[in-house]
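Take a look at the structure set out below.
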Amino acid sequence: MPESRFSRRFPLAHLGALALALVLSSHATDAHAQSRRDREAAEALNQRMLDAEGRYREALVRIANDDPAGVEASNAALEDMEDVMVACEKQRGCSVPQLLTSYKRLLKADADAQAGQGEDDAPVDAPDGSLPTADVPATASASALLSEDERFKRMVELNPAVQAGIRRWLTDMRVSLITSHENYQYMRHLMSPAFKRSGLPEALLFGIMAKESNGRVHARSRAGAAGPLQFMPATGRRFGLGPDGSGFDTRYDPRQAADAAAVYLNERFAQHGDEIEYWLAAYNGGEGRALRVYREAAGRRFWDPDVYNQFPPETRDYVPMVIAAAWLYLHPQEYGLTFPKVDARPATFRLERPASIYELTICLGNGNTRDGYMRALRNLNPSYEAESLLPVGTVLNGTVRMAGLYRQWCVRGARADLAAELVNSDPRAAIVRTGAIEVLPDANVEAPAALPAAPAAPRPPQATPAPARSHRVARGDTLGKIAQRYGCNISTLARANGLRAPAYALKPGQTLTLQGCAR
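Heads up: the sequence shown is residues 612 to 1130, going by the working numbering.
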């Protein structure tokens, strides 16, 4: 196998020798309870290790781009890691095995480079569906970098285009921005970990989601993009998203979509460095075009006129709008923007009676929210259709507040029965057939001369079918389905057959009297 640029400039033996030394010293961890000062000192060492790891990964990218300073930076980062390990051995409460995990990740990154998996080994659009730059080092852990606010300021330019985007979000798109924020709060525990693990700004995740879908996981574009982050089918397949065999498309799953987006953006980091504008241009308009423009730009920023004008109008609008939404996520108070507080503490609850998300939306009520819980329930349970009747025992994702409201209002009682009745009502049952309508002449208006009546064609006698009086329960039948089929009032039907809420238990072969039914 030909020697890679990594092996020419930084020998793997250096990494391996240090790793062996770290393994031999891994038993130095003090297992006893430590003082507060010891814990703070150990945490400071962990922070130094993460920072050194981030600098080393960035150095590898510089080496891959033929930057001579990359080797020097990587050596400096490794020397700092060695110093941290020596200090960790002497510091009570510092876990050498924990720090060794960071070093193993670096060993793997260098080993992958030795194996020829660098950026020159696969085209941007790899034909076999593999990740073109899957093993190019990602950005450093967020905990080892500056605060997200400061880092984001350094990575983007708050120019007139972004300011215009801020103006749009704060005026005619303010409702969309606030709705996006509310939706994101419910899904944050599912989506943000992927970005934090990769050292990507969480504000960037919010900005993409706000622009792509307003935080609606079932959003779908006319072009076929789907989910909260709007992956196209082919791109989704590259990152493991798509039909899962059960009829569900995992592009709609917020956790999996965020995981895929983090990997995608780390690929863009490997190609474009910290140039977030190029990342977003690739996300919107395709990585092939963005990479070509970037290489031809020879170091010029996205906002350079010769660079900017090579992208289509949609991308030129998309990039500043995402950055503007991310900026407002970080700085709402500067603009007099108040995002509603959402009690999004995650919890699950188990259905004690059959119900749909529509039915739950009604019986849960508003619960001190502006819009109730339908969107949150749909976003947190993307594999269920809103109108599908879910059986007893189904476990739904929600919040602590939703779980409490469910037990209070949706298990039994008047509101639970009313919600079921409303959801199972059939508009067709409102249509009532009547006899022929006789039109009486106006006494003040002279009737026109009658024309001779044409002989009426004889009509064949038609038997009017009598409404069904009973129904034999088949396997899979529920009272809600039967009520919908025959246009029944579900409460009347249940009383007529001695069925009790909330289960309305039926047995196959059981005969129901169809009382309170229109047909």
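Just so you know, even glycine gets a beta-carbon here, dropped at the ideal spot from N, CA and C.
Rounded to whole angstroms, how far is the Cβ of residue i from the Cβ of residue j, which I believe are closer than 8 Å?
i	j	result
alanine 1107	threonine 1124	5 Å
alanine 935	glycine 776	3 Å
methionine 696	valine 707	7 Å
leucine 781	tyrosine 946	6 Å
valine 1084	leucine 1110	Not quite, the Cβ-Cβ distance comes to about 11 Å (not below 8 Å), so this is no contact.
alanine 805	alanine 873	4 Å
glycine 1091	alanine 1040	14 Å between Cβ atoms; not a contact.
Helix or strand or just coil, what does DSSP make of residue i?
i	result
histidine 942	coil
threonine 1124	strand
alanine 1030	helix
alanine 966	strand
glycine 1134	The chain is shown only over 612 to 1130; residue 1134 falls outside these bounds and no answer can be derived.
alanine 836	coil
leucine 788	helix
arginine 619	Bear in mind that a pLDDT of 37 at arginine 619, under 50, signals an unreliable position, so the number given afterwards is only what the model happens to contain. In the structure shown, arginine 619 sits in a helix (DSSP, three-state: H, G or I).
leucine 1117	coil
arginine 799	helix
histidine 829	coil
cysteine 705	coil
proline 854	strand
threonine 1045	coil
leucine 1007	strand
serine 1036	coil
phenylalanine 763	helix
alanine 955	coil
serine 685	helix
aspartate 662	helix
leucine 811	coil
leucine 1001	strand
phenylalanine 960	strand
phenylalanine 842	strand
serine 994	coil
glycine 1024	coil
aspartate 915	coil
serine 1081	strand
aspartate 1088	coil
alanine 632	Because the pLDDT at alanine 632 is just 46, under 50, the model does not fix this residue reliably, and the point stays unresolved.
aspartate 691	helix
Check this for me: beta carbons of residue i and residue j, under 8 Å apart or not?
i	j	result
tyrosine 995	isoleucine 968	yes
tyrosine 795	phenylalanine 817	yes
leucine 1000	proline 965	yes
methionine 766	aspartate 662	no
alanine 772	proline 924	no
arginine 989	valine 828	yes
valine 918	arginine 927	no
threonine 1103	glutamine 1126	yes
tryptophan 938	leucine 769	yes
tyrosine 894	isoleucine 819	yes
threonine 1010	proline 957	yes
alanine 821	phenylalanine 850	no
alanine 908	aspartate 915	yes
valine 1034	glutamate 963	no
proline 1119	arginine 1096	no
glycine 704	arginine 659	no
threonine 959	leucine 1007	yes
In angstroms, rounded to a whole number, what distance separates the CA positions of residue i and residue j?
i	j	result
alanine 814	alanine 1014	29 Å
glycine 922	valine 953	Note on residue identity: the sequence assigns phenylalanine, not glycine, to residue 922. Going from the Cα of phenylalanine 922 to the Cα of valine 953 covers about 38 Å.
asparagine 1100	isoleucine 973	18 Å
leucine 975	alanine 868	28 Å
glutamate 669	serine 646	35 Å
leucine 656	glycine 665	14 Å
tryptophan 1020	asparagine 992	20 Å
leucine 902	isoleucine 1093	58 Å
alanine 830	asparagine 686	47 Å
arginine 648	glutamate 700	16 Å
isoleucine 887	alanine 1025	54 Å
threonine 1005	arginine 961	6 Å
serine 803	valine 933	17 Å
isoleucine 1042	serine 791	41 Å
serine 824	lysine 764	25 Å
alanine 1030	arginine 986	17 Å
tyrosine 667	aspartate 783	45 Å
phenylalanine 842	serine 832	10 Å
glycine 858	valine 786	33 Å
**Asked** Taking one C-beta from the region 797-817 and one from the region 874-894 each time, how about it: are there three or more such pairs within less than 8 Å?
**Response** yes
**Item:** Validate contact between the region 851-864 and the region 974-981 using beta carbons, cut 8 Å, 3 pairs
**Value:** no
**Segment contact flag, the region 834-853 with the region 862-869, C-beta cutoff 8 Å, min 3 pairs** = yes
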